[in-house]
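Taking it in order: structure first as structure tokens, then the write-up.
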Amino acid sequence: AANQSTLTSFFKRK
Amino acid sequence: MFEARLVNSSTFRKVLDAIKDLLNEASFDCSENGIQLQAMDSSHVSLVSLNLKSDGFDKFRCDRNLTMGMNLTSLGKVFKCSGADDTVTMKAQDYADTVTFMFESKKQDKISDYEMKLMNLDQEHLGIPDTEFSCIIKMPSIEFARIIRDLSQFGESIVISCTKEGVKFSAQGDIGTGNVKLAQTHNFDKEEESVTIDLQEPVALTFACQYLNSFTKATPLSNQVKLSMCENVPLVVEYQIPELGHLRFYLAPKIEE
Chain A
1 AANQSTLTSF FKRK
Chain B
1001 MFEARLVNSS TFRKVLDAIK DLLNEASFDC SENGIQLQAM DSSHVSLVSL NLKSDGFDKF
1061 RCDRNLTMGM NLTSLGKVFK CSGADDTVTM KAQDYADTVT FMFESKKQDK ISDYEMKLMN
1121 LDQEHLGIPD TEFSCIIKMP SIEFARIIRD LSQFGESIVI SCTKEGVKFS AQGDIGTGNV
1181 KLAQTHNFDK EEESVTIDLQ EPVALTFACQ YLNSFTKATP LSNQVKLSMC ENVPLVVEYQ
1241 IPELGHLRFY LAPKIEE
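If you're matching them up, the sequences are chains A and B in order.
Read in order, the letters of the first sequence are residues 1 to 14 in our numbering.
Read in order, the letters of the second sequence are residues 1001 to 1257 in our numbering.
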């Protein structure tokens, strides 16, 4: 099964 | 002093309906450029990005940049009090802890105003890099909503795969599988019914149905929806709000172990 990733692993916190 | 007047208050109501599943509260950033909102859902899987341009409003004044934290359930209650054809004017003083919404009927024979408390929210903004997407799909927003709704019955995830032949949406689960393929169709008479694909290279990504379904709550805002995809990059689902701006949703993909 595929795992849900989160946006914070793609985009940097400002 | 901040003041923004929108003849079609229903547009703002539609925006609220589109984001209230994902967000309980959010900060509206007001500047002379307009109103912006960027917020992630509590699980950090999706992000809402709203941009309403100042020149899309019938009147817009913002003397000092202002961040208005609002509870979206409360804001929904305020807009529930508006009529479908009402004009809305939002007003806030500099450094105020409340915002006022005034609704005027078309005939100007009924005027109501509601003052709502603002909240101090911890804002967490993400820097979203410019991406060269592998494929950009434009399709009727109603068709997208229908496909997501239909396939959500089959599983928790939908695979969106795009090649030069077209775009395929697939789901599988206990009861079986479902596939919907759309070919490019250009309808010059009815642009809004077209399916267009701008493809650099084929891409296939898996996304959670729950979030895709939430995004389709924005369907009443726009005839068309734009899906931008790239390998290992969040999906962007964009609804243009005619003459006013756009509402974008970002969704982190599901990744194979």
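Cβ coordinates follow ideal geometry from the N, Cα and C atoms, glycine included.
For clarity, every value in this text was computed on a predicted model and none was experimentally measured.
Where the beta strand (DSSP E) containing residue i begins and where it ends
| i | result |
| --- | --- |
| Val1180 (chain B) | Gly1176 to Ala1183 |
| Tyr1095 (chain B) | That residue, Tyr1095 (chain B), is in no beta strand (DSSP E); it is neither H nor E in DSSP. |
| Ala2 (chain A) | Ala2 to Gln4 |
| Ala1004 (chain B) | Phe1002 to Leu1006 |
| Leu1256 (chain B) | Rather than Leu, the amino acid found at residue 1256 (chain B) in this sequence is Glu. Lys1254 to Glu1256 is the extent of the beta strand (DSSP E) around Glu1256 (chain B). |
Cα-Cα separation, residue i to residue j
| i | j | result |
| --- | --- | --- |
| Glu1201 (chain B) | Ser1161 (chain B) | 11 Å |
| Thr1098 (chain B) | Ile1255 (chain B) | 43 Å |
| Pro1253 (chain B) | Ser1105 (chain B) | 44 Å |
| Ser1170 (chain B) | Asp1198 (chain B) | 20 Å |
| Ser1046 (chain B) | Gly1083 (chain B) | 31 Å |
| Lys14 (chain A) | Thr1087 (chain B) | 36 Å |
| Asp1029 (chain B) | Met1070 (chain B) | 11 Å |
| Val1015 (chain B) | Leu1050 (chain B) | 9 Å |
| Thr1089 (chain B) | Glu1003 (chain B) | 7 Å |
| Val1180 (chain B) | Ser1141 (chain B) | 15 Å |
| Lys1226 (chain B) | Leu1022 (chain B) | 19 Å |
| Lys1080 (chain B) | Leu1072 (chain B) | 12 Å |
| Leu1205 (chain B) | Val1159 (chain B) | 6 Å |
| Glu1032 (chain B) | Leu1066 (chain B) | 10 Å |
| Glu1257 (chain B) | Asn3 (chain A) | 7 Å |
| Lys1164 (chain B) | Ser1134 (chain B) | 11 Å |
| Leu1244 (chain B) | Ser1010 (chain B) | 13 Å |
| Gly1034 (chain B) | Asp1174 (chain B) | 47 Å |
| Thr6 (chain A) | Glu1132 (chain B) | 20 Å |
| Lys1053 (chain B) | Arg1146 (chain B) | 30 Å |
| Arg1064 (chain B) | Ala1096 (chain B) | 12 Å |
| Gly1305 (chain B) | Asp1189 (chain B) | In the structure displayed, chain B extends from 1001 to 1257; residue 1305 (chain B) sits before or after that span and is not available. |
| Lys1107 (chain B) | Thr1100 (chain B) | 21 Å |
| Gln1172 (chain B) | Ser1027 (chain B) | 38 Å |
| Ser1228 (chain B) | Val1203 (chain B) | 10 Å |
| His1246 (chain B) | Lys1020 (chain B) | 16 Å |
| Ile1148 (chain B) | Tyr1239 (chain B) | 16 Å |
| Leu1118 (chain B) | Leu1037 (chain B) | 15 Å |
| Asp1055 (chain B) | Val1007 (chain B) | 13 Å |
| Asp1085 (chain B) | Arg1248 (chain B) | 25 Å |
| Thr1219 (chain B) | Glu1191 (chain B) | 16 Å |
| Glu1193 (chain B) | Lys1168 (chain B) | 17 Å |
| His1044 (chain B) | Phe1207 (chain B) | 14 Å |
| Gln1224 (chain B) | Asp1150 (chain B) | 19 Å |
Residue from the options with nearest C-alpha to residue i
| i | options | result |
| --- | --- | --- |
| Leu1120 (chain B) | B:Ile1137, B:Phe1215 and B:Met1068 | A small fix is needed here, since residue 1120 (chain B) is Asn in this sequence, not Leu. For the residues B:Ile1137, B:Phe1215 and B:Met1068, the minimum Cα distance to Asn1120 (chain B) belongs to B:Met1068. |
| Glu1231 (chain B) | B:Ser1042, B:Ile1136, B:Lys1014 and B:Leu1072 | B:Ile1136 |
| Ser1157 (chain B) | B:Gln1184, B:Cys1209 and B:Gly1127 | B:Cys1209 |
| Pro1234 (chain B) | B:Asn1065, B:Leu1227, B:Ser1222 and B:Tyr1250 | B:Tyr1250 |
| Ala11 (chain A) | B:Ala1039, B:Asn1008, B:Ser1031 and B:Val1007 | It is Phe, not Ala, that sits at residue 11 (chain A) in the sequence shown. That would be B:Ala1039, whose Cα lies nearest to the Cα of Phe11 (chain A). |
| Ser9 (chain A) | B:Asn1179, B:Leu1227 and B:Leu1126 | B:Leu1126 |
| Phe1103 (chain B) | B:Ile1175, B:Arg1005 and B:Phe1154 | B:Arg1005 |
| Ile1241 (chain B) | B:Arg1248, B:Ser1228 and B:Ser1222 | B:Ser1222 |
| Gly1166 (chain B) | B:Thr1177, B:Gln1172 and B:Met1139 | B:Met1139 |
| Ala1092 (chain B) | B:Leu1037, B:Val1078 and B:Met1116 | B:Met1116 |
| Val1195 (chain B) | B:Phe1154, B:Gln1172 and B:Phe1144 | B:Phe1144 |
| Val1078 (chain B) | B:Glu1191, B:Asp1017 and B:Asp1150 | B:Asp1017 |
| Gly1076 (chain B) | B:Leu1247, B:Gln1172 and B:Arg1013 | B:Arg1013 |
| Pro1129 (chain B) | B:Phe1207, B:Asp1150, B:Leu1247 and B:Val1236 | B:Val1236 |
| Asp1259 (chain B) | B:Ser1228, B:Tyr1239, B:Glu1192 and B:Met1001 | The requested residue 1259 (chain B) does not occur in the structure, where chain B is confined to residues 1001 to 1257. |
| Asp1122 (chain B) | B:Ser1042, B:Asp1055 and B:Ser1152 | B:Ser1042 |
| Asn1024 (chain B) | B:Gln1224, B:Ser1074, B:Asp1055 and B:Gly1056 | B:Ser1074 |
| Thr1177 (chain B) | B:Pro1220, B:Asp1085, B:Glu1192 and B:Ser1152 | B:Ser1152 |
| Glu1124 (chain B) | B:Asp1150, B:Val1048 and B:Val1007 | B:Val1048 |
The alpha helix (DSSP H) enclosing residue i, as first and last residue numbers
| i | result |
| --- | --- |
| Gln1210 (chain B) | Cys1209 to Phe1215 |
| Ser1014 (chain B) | This sequence places Lys at residue 1014 (chain B); Ser is not what is there. Its alpha helix (DSSP H) spans residues Ser1009 to Ile1019. |
The segment 1049 to 1062 of chain B in contact with the segment 1107 to 1122 of chain B per 3-pair CB rule at 8 Å: no
Runs of beta strand (DSSP E) lying entirely within the segment 1106 to 1172 of chain B, each at least 3 residues, in chain order: 1111 to 1117, 1135 to 1140 and 1157 to 1163
Touching by the beta-carbon criterion (3+ pairs, under 8 Å), the segment 1214 to 1231 of chain B and the segment 1169 to 1187 of chain B: no
Length at least 3, wholly inside the segment 1032 to 1077 of chain B: the beta strand (DSSP E) runs in chain order: 1034 to 1040, 1046 to 1053, 1059 to 1062 and 1066 to 1071
Ranges of the beta strand (DSSP E) found wholly within the segment 1189 to 1245 of chain B, counting only runs of at least 3: 1196 to 1199, 1203 to 1208, 1224 to 1229 and 1235 to 1241
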